[in-house]
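To convert, note that position 6 of the sequence shown is -13 in this note's numbering; the numbers rise steadily by one, no gaps. Backbone N, C-alpha and C fix where the C-beta goes; we use that ideal spot for every residue, glycine too. What follows is a set of notes on a single structure, which appears directly below.
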Amino acid sequence: MAIKKRVLEWKWVKKNFWNVVMVIILWQIMVYAIYSILRLFINLPPLA
């Protein structure tokens, strides 16, 4: 039973891995875009 649960968890991780990666990438892009737009109105230092 424990082994079956582990397999199901691994399948879930494999299935959702790319969803998590996509969310992280989209979040990074969103933060960068918002920061870039703010820089147009306010003099902020460039994002490293």
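Asked: Segment limits, alpha helix (DSSP H) that includes asparagine 24; Found: Here asparagine 24 belongs to no alpha helix (DSSP H), and DSSP marks it neither H nor E.
Asked: Separation of tyrosine 13 from phenylalanine -2, as counted between CA atoms; Found: 23 Å
Asked: Cut-off 6 Å between Cβ atoms - residues of its own chain near phenylalanine 22, not counting five sequence neighbours on either side; Found: none
Asked: Alpha-carbon to alpha-carbon, proline 26 and valine 2; Found: 28 Å
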